[in-house]
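Undergrad: I am attaching a structure below and will ask some questions about it afterwards.
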Amino acid sequence: MSSVRAQFAEVQEQLNQVHSLVDSNTPSDLNKAATILKSLLPVYKDLSGNEESKRPENLEILKEIKSRLTEETQRVMSKKEEAKSLQIQQQQQQQQLLQQQQQQQILESTTRNRQASQQELPKPPILSGYLKKQGDKGLVRSFKKRWFLQRDTKLFYYEKEGDSEPYGFVNLPEMINVKTVDSGFELATPSRVYVFQVFKPSDLTYWTEGLKEFKKYYQSLQNSQKFGANANGNGNSSPNMSSSGSYSDFRKYSESSQQPLNSSTGAINTTPQRGTPIKDRRGTVSGGTTEYSHSSSSTAPDSPTLSSSYVPPPSSSNLNPQDEELKRRENEIIRKHQEKLKQQDDQQQDDKQQQQQQSQEPPQQQQQQQEQLQSQPSQQQQQQQQQQQQQQQQQQQQQQQQQQQQQQQQQQPPQTSPQNSRHGSTNYSQLQQQQQQPQQQPQQQSSPQVIISNNNSPRFESQQQQNNFHNNGSNINLESFRQSIEDELNKKFLKEKQDLMEFEIKKRLEIESEIKKLQLQLDQTKTDAEEKQNKSSNELKKKKAEIEDYEARVTIITKRNEEMDAKIKELESSRPVETFPHEFLWTEEVNSRDLLIASQSKRILELEEQLKLKDNAVTVIKRENEMLRQETEKKDKYINELLEKGGGSGIHTNSNNNNNSNNNNNNSNNNSNTDKIKESMVAHQTQNAFLLQEIQRLETQSQFKLDIKIQQIEELENQLEQQLYQFHRFREAIIGTMSNEYCVKIEKENLDVKKEYFQSLGVSIKLHRVKEGYFANIDINSLFDKVIKENVHYRNWPEWISNQFNQA
Numbered sequence: 006m007s008s009v010r011a012q013f014a015e016v017q018e019q020l021n022q023v024h025s026l027v028d029s030n031t032p033s034d035l036n037k038a039a040t041i042l043k044s045l046l047p048v049y050k051d052l053s054g055n056e057e058s059k060r061p062e063n064l065e066i067l068k069e070i071k072s073r074l075t076e077e078t079q080r081v082m083s084k085k086e087e088a089k090s091l092q093i094q095q096q097q098q099q100q101q102l103l104q105q106q107q108q109q110q111i112l113e114s115t116t117r118n119r120q121a122s123q124q125e126l127p128k129p130p131i132l133s134g135y136l137k138k139q140g141d142k143g144l145v146r147s148f149k150k151r152w153f154l155q156r157d158t159k160l161f162y163y164e165k166e167g168d169s170e171p172y173g174f175v176n177l178p179e180m181i182n183v184k185t186v187d188s189g190f191e192l193a194t195p196s197r198v199y200v201f202q203v204f205k206p207s208d209l210t211y212w213t214e215g216l217k218e219f220k221k222y223y224q225s226l227q228n229s230q231k232f233g234a235n236a237n238g239n240g241n242s243s244p245n246m247s248s249s250g251s252y253s254d255f256r257k258y259s260e261s262s263q264q265p266l267n268s269s270t271g272a273i274n275t276t277p278q279r280g281t282p283i284k285d286r287r288g289t290v291s292g293g294t295t296e297y298s299h300s301s302s303s304t305a306p307d308s309p310t311l312s313s314s315y316v317p318p319p320s321s322s323n324l325n326p327q328d329e330e331l332k333r334r335e336n337e338i339i340r341k342h343q344e345k346l347k348q349q350d351d352q353q354q355d356d357k358q359q360q361q362q363q364s365q366e367p368p369q370q371q372q373q374q375q376e377q378l379q380s381q382p383s384q385q386q387q388q389q390q391q392q393q394q395q396q397q398q399q400q401q402q403q404q405q406q407q408q409q410q411q412q413q414q415q416q417q418p419p420q421t422s423p424q425n426s427r428h429g430s431t432n433y434s435q436l437q438q439q440q441q442q443p444q445q446q447p448q449q450q451s452s453p454q455v456i457i458s459n460n461n462s463p464r465f466e467s468q469q470q471q472n473n474f475h476n477n478g479s480n481i482n483l484e485s486f487r488q489s490i491e492d493e494l495n496k497k498f499l500k501e502k503q504d505l506m507e508f509e510i511k512k513r514l515e516i517e518s519e520i521k522k523l524q525l526q527l528d529q530t531k532t533d534a535e536e537k538q539n540k541s542s543n544e545l546k547k548k549k550a551e552i553e554d555y556e557a558r559v560t561i562i563t564k565r566n567e568e569m570d571a572k573i574k575e576l577e578s579s580r581p582v583e584t585f586p587h588e589f590l591w592t593e594e595v596n597s598r599d600l601l602i603a604s605q606s607k608r609i610l611e612l613e614e615q616l617k618l619k620d621n622a623v624t625v626i627k628r629e630n631e632m633l634r635q636e637t638e639k640k641d642k643y644i645n646e647l648l649e650k651g652g653g654s655g656i657h658t659n660s661n662n663n664n665n666s667n668n669n670n671n672n673s674n675n676n677s678n679t680d681k682i683k684e685s686m687v688a689h690q691t692q693n694a695f696l697l698q699e700i701q702r703l704e705t706q707s708q709f710k711l712d713i714k715i716q717q718i719e720e721l722e723n724q725l726e727q728q729l730y731q732f733h734r735f736r737e738a739i740i741g742t743m744s745n746e747y748c749v750k751i752e753k754e755n756l757d758v759k760k761e762y763f764q765s766l767g768v769s770i771k772l773h774r775v776k777e778g779y780f781a782n783i784d785i786n787s788l789f790d791k792v793i794k795e796n797v798h799y800r801n802w803p804e805w806i807s808n809q810f811n812q813a
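Take any residue in the sequence shown, note its place counting from 1, add 5, and you have its number in the numbering used here.
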């Protein structure tokens, strides 16, 4: 026994340990608990197979151990499942967090790139103002005053400010370059070169810088979009090549410059070339010659011939090495551009084939190809930028070579007559205006400019004089040329000085305005500080007055509290011991009915006890009847056995009458015994029948009594319910709808009185402490709730409130 009990104790200790480990809810502890449970299973099998444990004393312990084992195993399994579900949820949450972080990083990187691009090149201001615009029709192109206003990417020009219908517009994204000219600037586009004049020198910087800023801003926007339109396969050109005819025009121009002159045609051809220099009125020299071919004699009989003054263009063998290099470079540029166009066409065809294949390929391959296509525009952009840089470098080299040629030609002074020099200087401005456009943008014009005029026109005469000026080898007055240059330089210096003076004046005015603004701000701050001081002093005065009012109120409240305390004491002394006062007549009736209900409930309990006793007596009688029945059955069996024995002995005697005469006496004795047994059996049967009758009679009596008692109990319960209903109706008629409403009203009134008393005490104590210099921010309403929870007596409230203030 001792060994089994010891094993039981060990198992219970281990189960307690498992319970504590499961409660800790850590993975290591759960694993330990699982191992302990596995080790307990064979121990439990051994104990259940042991005979000592099958005893009634140990069976209960075994059952408890079994139930605890099942409970702990279920707990361990449930905890492990919870841990697995938590791990899965944590993994899912981590994956979601990683995805969200990646998305946020991508968004942040995109936003940073956009912000960086926007910060590097902020949005330029909207341009507006009056300018003088050169006309595009007629031989003499005059300047007209127009009002210019920028709207989005277009520069509209009106007759005057406030007009709604514009005369036209300039598409600013097509702007190639902005260059300053005398008293104005030039805006070059692929289709046209716009010439503007300014009313003030400050307006020149405003317009030129504003247009350049817009160009930078527009290029940065296109770069930030990463050629979104080109990624779809619709086009692969750079922003600077957005116009459809820029490169085609340049190609046509280069091809026309390489073709020989057709002398048989009757039109006049003006094609700029790099042969002979033309002198500019601003002191600059630009390369180019004019080629003329007049019509037949029938069309113009009075026109003079140009055989004496016309010089044909130099052949390729007589060209300078510099001109040959320029032509070679131009041919290289054209060849590169043609190769680039071929590459673009091939790329477009490849893109179309890839799109057709993508429609047949699975979606995964389509995604990979889309990524490759997105990477292609960036490569193309880099190639185009490199080509643009190369073109810029080549243009710079060409300009340097032109400057060298100009210097060489200036060092060789030509010999001319004063008349030709004077006439050339007067008519050179007209020739310069006609030759500005082909000289500035030769790569973006679709065809060379052609001018057709009669032989008697002043334009033709100026060109003849210019050719005579170059071919006859006339000299130029260097001193007048130098003086003109010095005059222009002096004018420029004066303009720059005026601009600087205006800029300094503007800056001084701005500084003075800022100083005035700062002085005004200082004055405002001073006035604000004075107003704040006045407000604070007024607020202090108001608070002092409020404190005095509170003190007066506290004194009044303390007096009222003292009076209330006295009244409460009087009421407590005069309060009766009974629950309700004697003034109400219905209280006696309520008390009497309560007593009746209590007495009837007691009577019901007594009847229930009597019924239980009688039920016990009936059960005892039933048990006795069963015992009697069992005894009668045993007696009947015994009698039957005796009868069987007596009959067998009679048969045996009849068969042996002849042999044994001495056994007759025994037979007679046996017969007498059987008669007695029969008589006793009959007596027993009668007795049993009588007993059965009595048992039935007792059962009927007990059942009848039970029915009577049940009816009495039901009647009493009905009476109780009726009396309770009448009692509640009576109370509702006197007190209200609810039975506890009267008491609740009294309790609410008591709580209100207590709350007012507590608030007055709290305010008085707080003000007293403020006077002494102790400040504390405590809510008195929360203290009242705390007092009610702690059930502090109202006489101990002052001490309790002071303790709370001390703790705070």
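Think of the CB as a built atom: it goes at the ideal place given N, C-alpha and C, for glycine as much as any other residue.
1) Could you check how far apart the C-beta atoms of L52 and Q19 are, in whole angstroms? I think they sit under 8 Å.
2) Going by the beta-carbon positions, is the gap between F201 and L192 smaller than 8 Å?
3) Pick out whichever of E684, Q701, K759, S606 has its Cα sitting closest to the Cα of E726.
4) When the Cα of E613 is compared with those of Q690, I715, R197, which residue comes out closest?
5) Please return the same chain residues whose Cβ sits closer than 7 Å to the Cβ of K37, not counting the five positions on each side in sequence.
6) Could you check which residue in E761, Q526, T532 has the C-alpha nearest to that of R565?
7) Looking at I562 and S769, is the spacing between their C-beta atoms short of 8 Å?
8) State the start and end residues of the unbroken alpha helix (DSSP H) segment that holds N782.
9) If you draw a straight line from the C-alpha of L809 to the C-alpha of L576, how long is it?
10) In terms of alpha-carbon separation, which member of P178, Y199, F780, S188 lies closest to Y223?
11) Using 10 angstroms around the beta-carbon of V625, count the other beta-carbons present and answer buried if the total reaches 16, otherwise exposed.
12) Run through the stretch 161-241 for me and flag every whole alpha helix (DSSP H) of 4 or more residues, listed as ranges in chain order.
13) Can you find at least 3 beta carbon pairs, one from the stretch 636-651 and one from the stretch 678-685, that sit closer than 8 Å?
14) Nearest to D187 by CA position, among T194, E166, G173, L209, is which residue?
15) Is it the case that the Cβ atoms of I822 and Q12 are separated by a distance below 8 Å?
16) Considering only their Cβ atoms, is the gap separating K149 from K137 smaller than 8 Å?
17) Quick one: residues in its chain with C-beta nearer than 6 Å to the C-beta of E544, no 5 flanking neighbours on either side, listed in chain order?
18) For G478, which three-state DSSP category applies?
19) For a test of the three-state rule: what should DSSP assign to S133, helix, strand or coil?
20) Below 8 Å on the Cβ atoms is my guess for K159 versus V183; work out the distance and round it to an integer in Å.
21) Quick one, are the C-beta atoms of R156 and E164 less than 8 Å apart?
22) Along the chain, which unbroken stretches of the beta strand (DSSP E) at least 3 residues long are found entirely within the stretch 521-587?
23) Helix, strand or coil: which one does DSSP assign to K159?
24) Taking the alpha carbon of P206 as the point to measure from, which residue in E507, A14, A813, Q488 has its own alpha carbon closest?
25) Looking only at its own chain, which residues have a Cβ that is under 6 Å from the Cβ of R334, when we skip the five neighbours before and after it?
26) Among L216, S169, S133, which one has its Cα closest to the Cα of F190?
27) Could you tell me the distance, in whole angstroms, from the CA atom of I510 to the CA atom of K502?
28) Would you report the Cα separation of T75 and L103, rounded to the nearest angstrom?
29) Closer than 6 Å by C-beta to Q94: which residues in its own chain qualify, once you throw out the five before and the five after it? Chain order, please.
30) Mind reading off the beta-carbon distance from L766 to E556? Whole number of angstroms is fine, and I expect it under 8 Å.
31) Look up K149 in the DSSP assignment and say whether it is helix, strand or coil.
32) Going by Cα to Cα distance, which pick from K759, D533, K776, V775 is closest to N801?
33) Skipping 5 residues on each side, what residues in its chain have a beta carbon closer than 6 Å to that of R197?
34) Here's the rule I'm using: 16 or more other beta-carbon atoms within 10 Å means buried, otherwise exposed. How should T194 be labelled?
35) Distance check for Q106 and S114, CA to CA, integer angstroms please.
TA: With the given structure in hand:
1) As a position in the sequence shown, residue 52 is number 47, starting the count at 1. As a position in the sequence shown, residue 19 is number 14, starting the count at 1. With 8 Å as the limit, L52 and Q19 do not qualify as a contact, their Cβ atoms being about 13 Å apart.
2) Indexing the sequence shown from 1 puts residue 201 at position 196. Indexing the sequence shown from 1 puts residue 192 at position 187. Contact: yes.
3) Looking up residue 726 in the sequence shown gives position 721. Just measuring C-alpha positions, the residue of E684, Q701, K759, S606 sitting nearest E726 is S606.
4) As a working mapping, residue 613 is identified with position 608 in the sequence shown. The candidate whose alpha carbon is nearest that of E613 is I715.
5) Mapped onto the sequence shown, residue 37 falls at position 32. When the five nearest sequence neighbours on each side are left out, the beta carbons in the same chain lying within less than 7 Å of the beta carbon of K37 are those of L26, in order along the chain.
6) Here the question's residue 565 lines up with position 560 in the sequence shown. That would be E761, whose Cα lies nearest to the Cα of R565.
7) Position 764 of the sequence shown, counted from the first residue, corresponds to residue 769. Position 557 of the sequence shown, counted from the first residue, corresponds to residue 562. Yes; because the gap between Cβ atoms is below 8 Å, this pair is in contact.
8) As a working mapping, residue 782 is identified with position 777 in the sequence shown. N782 -> no alpha helix (DSSP H), and no H or E assigned at all.
9) For this step, residue 809 is matched to residue 804 along the sequence shown. For this step, residue 576 is matched to residue 571 along the sequence shown. The sequence as given places Gln at residue 809; Leu does not occur at that position. Their Cα atoms are separated by approximately 31 Å.
10) Mapped onto the sequence shown, residue 223 falls at position 218. Distances from the CA of Y223 to each of P178, Y199, F780, S188 were compared; the closest alpha carbon is that of P178.
11) For the purposes of this step, residue 625 is identified with residue 620 of the sequence shown, where counting begins at 1. Around the beta carbon of V625, fewer than 16 other beta carbons lie within 10 angstroms, which makes this residue exposed.
12) For secondary structure counted as the alpha helix (DSSP H) over 4 or more consecutive residues, the stretch 161-241 holds these complete runs in sequence order: 206-229, 233-236.
13) They touch, by the three-pair rule.
14) By 1-based counting over the sequence shown, the position of residue 187 is 182. For D187, the closest of T194, E166, G173, L209 by C-alpha to C-alpha distance is L209.
15) Residue coverage of the chain in this structure runs from 6 to 813, which leaves residue 822 outside it and unanswerable.
16) One-based indexing of the sequence shown puts residue 137 at position 132. One-based indexing of the sequence shown puts residue 149 at position 144. Taking C-beta atoms as the reference points, K137 and K149 count as a pair closer than 8 Å.
17) Numbered from 1 along the sequence shown, position 539 holds the residue referred to as residue 544. Once the five neighbours on either side are set aside, E544 has no close Cβ partner at all.
18) In the sequence shown, the residue the question calls residue 478 occupies position 473. Any reading at G478 is ruled out, since the residue's pLDDT is 42, under 50, leaving its predicted position unreliable.
19) To locate residue 133, count along the sequence shown from 1; it is residue 128. DSSP places S133 in strand when its eight states are reduced to three.
20) The count along the sequence shown starts at 1 and reaches residue 159 at position 154. The count along the sequence shown starts at 1 and reaches residue 183 at position 178. Not confirmed; about 16 Å, so no contact.
21) Residue 156 sits at position 151 when you count from the first residue of the sequence shown. Residue 164 sits at position 159 when you count from the first residue of the sequence shown. With contacts defined as CB atoms closer than 8 Å, R156 and E164 fail to qualify as a contacting pair.
22) Listed in chain order, nothing qualifies, since the stretch 521-587 has no complete beta strand (DSSP E) run of 3 or more residues.
23) Position 154 of the sequence shown, counted from the first residue, corresponds to residue 159. Strand.
24) As a working mapping, residue 206 is identified with position 201 in the sequence shown. It is E507.
25) Here residue 334 refers to the residue found at position 329 of the sequence shown. If we look at R334 and ignore the five residues flanking it on each side, its Cβ neighbours are Q399.
26) Numbered from 1 along the sequence shown, position 185 holds the residue referred to as residue 190. Comparing Cα-Cα distances from F190 to each of L216, S169, S133, the minimum goes to L216.
27) What you label residue 510 is simply residue 505 of the sequence shown in a count that begins at 1. What you label residue 502 is simply residue 497 of the sequence shown in a count that begins at 1. Their Cα atoms are separated by approximately 12 Å.
28) On the sequence shown, residue 75 is found 70 positions in, with the first residue counted as 1. On the sequence shown, residue 103 is found 98 positions in, with the first residue counted as 1. So the two alpha carbons sit approximately 42 Å from each other.
29) Indexing the sequence shown from 1 puts residue 94 at position 89. Closer than 6 Å at Cβ, skipping near neighbours: no residue.
30) Stepping through the sequence shown from its first residue, residue 766 is reached at position 761. Stepping through the sequence shown from its first residue, residue 556 is reached at position 551. Between E556 and L766 the Cβ distance is about 15 Å, and since that is not below 8 Å, they are no contact.
31) As a first step, residue 149 must be located in the sequence shown, where it is residue number 144. If DSSP states are grouped into helix, strand and coil, K149 belongs with the strands.
32) As a position in the sequence shown, residue 801 is number 796, starting the count at 1. With respect to the C-alpha of N801, the residue from K759, D533, K776, V775 having the closest C-alpha is K759.
33) If you number the sequence shown from 1, residue 197 lands on position 192. Within the same chain, R197 has no close Cβ partners at all.
34) Looking up residue 194 in the sequence shown gives position 189. Label assigned to T194: buried.
35) Here residue 114 corresponds to residue number 109 of the sequence shown, with the count starting at 1. Here residue 106 corresponds to residue number 101 of the sequence shown, with the count starting at 1. Approximately 12 Å, taken between the alpha carbons.
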